[in-house]
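Data first, discussion second: the structure below is written as structure tokens.
2 protein chains.
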Amino acid sequence: MEEALRPHGLGATQWYILHQLATIGPTMQRELAPLLQIERATVSIIVSALVRKGLVEQVPSDLDQRQKLLRLTPAGTGLWGELPDLAFIHDEAFSDFSDADLETTARVLRAATERLNHRLKGKKA
Amino acid sequence: MEEALRPHGLGATQWYILHQLATIGPTMQRELAPLLQIERATVSIIVSALVRKGLVEQVPSDLDQRQKLLRLTPAGTGLWGELPDLAFIHDEAFSDFSDADLETTARVLRAATERLNHRLKGKKA
DNA sequence: GACAATATGTTTGATAGCTAACATTTATGT
DNA sequence: ACATAAATGTTAGCTATCAAACATATTGTC
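Chains A and B are the protein sequences, given in the same order.
Number 99 in my numbering belongs to position 99 of the first sequence; there are no gaps in the numbering.
In short: position in the second sequence from 1, add 1000, done, that's my numbering.
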């Protein structure tokens, strides 16, 4: 994935934000953190990079001066059109396993993750 | 994991290198890249951080002036003694799943990873 | 021995992520 | 209305990665 994007100077998370803006449309910056499951601060930095490259605009909202609406610039729309189709990654990677195997895998990873979270939170308290 | 280490100002990879030096003993820097499955350059940066903190020494080899032997300093040994036991993470996270479930999980993830690698390499050529 | 190839480590300049602290702005509570 | 709390975004400083270019040192080959 990184390899397909590198020639265009993009990283995976930058791609995902462009994907959001190109597919769903203009989006509040606020919404990206829960969507991508990363911190507000990280969103801020990555959006800055996209703005610096002239691919995305931050338009302050009229109703709430804190919030900024993100929108593709013409250059951003143009570049999006040139990008290869990366959706296959999510679709094909797991395509020919049985549903049972996929369910098992998801269950094991989910349970292990939760177990570690509980354990670490316990240690902290 | 990061949380348990943060009070000591260490990251996961730094911890792993200390673990290697404390458990196995002095190690050539060269060996760490394949061991941790990261790049030479990354090893160099992380080792630099440990050296800067005074926890690790880089001793140039006599036989081959390029190679550097990594060794804990007294401060490094001391800090290692104060660190909580993090080995439980590797041991307990997956401890009460059946072997069959673990095998399925490993197989699915391994195959998916390989498939993506092939796909991306194919695209590049 | 001399020259080319390989191995080792570092540096530079990216992306990506985190926490903590801060400024603004909006919303709440009394 | 006024003070306090919560939401939003940014910045600073850190870890972790990578690729590409570079400096040395060691090994091969001729």
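All residues carry an ideal CB built from backbone N, CA and C; glycine is no exception.
| Item | Value |
| --- | --- |
| Can you pull the chain B residues whose beta carbon is under 8 angstroms from the beta carbon of Leu72 (chain A), in chain order? | Going along chain B, no residue has its Cβ under 8 angstroms from Leu72 (chain A), so there is no contact; the nearest lies around 25 angstroms. |
| For chain A, check one thing: does any of its Cβ atoms lie closer than 8 angstroms to the Cβ of Asp1129 (chain B)? | This structure gives no information on residue 1129 (chain B), because the portion of chain B shown stretches from 1001 to 1125. |
| Which of the three DSSP states is assigned to Leu1035 (chain B) in this structure? | helix |
| Could you tell me whether the Cβ atoms of Leu79 (chain A) and His8 (chain A) are closer together than 8 angstroms? | yes |
| Quick one: does Thr27 (chain A) have its CB under 8 angstroms from some CB of chain B? | no |
| Measure the alpha-carbon distance for Leu21 (chain A) versus Glu31 (chain A) and round it to whole angstroms. | 12 angstroms |
| What are the boundary residues of the beta strand (DSSP E) that includes Pro60 (chain A)? | 56-60 |
| In the DSSP assignment, find the beta strand (DSSP E) that holds Leu1072 (chain B) and state where it starts and stops. | 1068-1072 |
| Measure the beta-carbon distance from Leu18 (chain A) to Gly76 (chain A) and round it to whole angstroms, keeping in mind my assumption that it falls under 8 angstroms. | 7 angstroms |
| Using DSSP bridges, identify the partner residues of Thr27 (chain A). | A:Leu70 |
| Helix, strand or coil for Asp1085 (chain B) per DSSP? | coil |
| Quick test of your reading: Val1056 (chain B) and Val1047 (chain B), contact by CB under 8 angstroms. State the CB separation rounded to the nearest angstrom. | 7 angstroms |
| Is there a Cβ from chain B that is less than 8 angstroms from the Cβ of Thr42 (chain A)? | no |
| Answer with yes or no whether the minimum CB distance from Val108 (chain A) to chain B is below 8 angstroms. | yes |
| Could you tell me which of B:Ala1012, B:Thr1023, B:Leu1083, B:Thr1027 sits nearest to Leu1070 (chain B), measuring between CA atoms? | B:Thr1027 |
| Closest to Trp15 (chain A) by C-alpha separation, out of A:Pro34, A:Glu82, A:Leu63, A:Gln65, would be which residue? | A:Glu82 |
| Closer than 8 angstroms by beta-carbon distance: list the chain A residues that pair up with Leu1102 (chain B), in chain order. | Val108 |
| For Glu39 (chain A), which residues in the same chain have their Cβ closer than 7 angstroms to its Cβ, ignoring the five residues on either side in sequence? | Ala33 |
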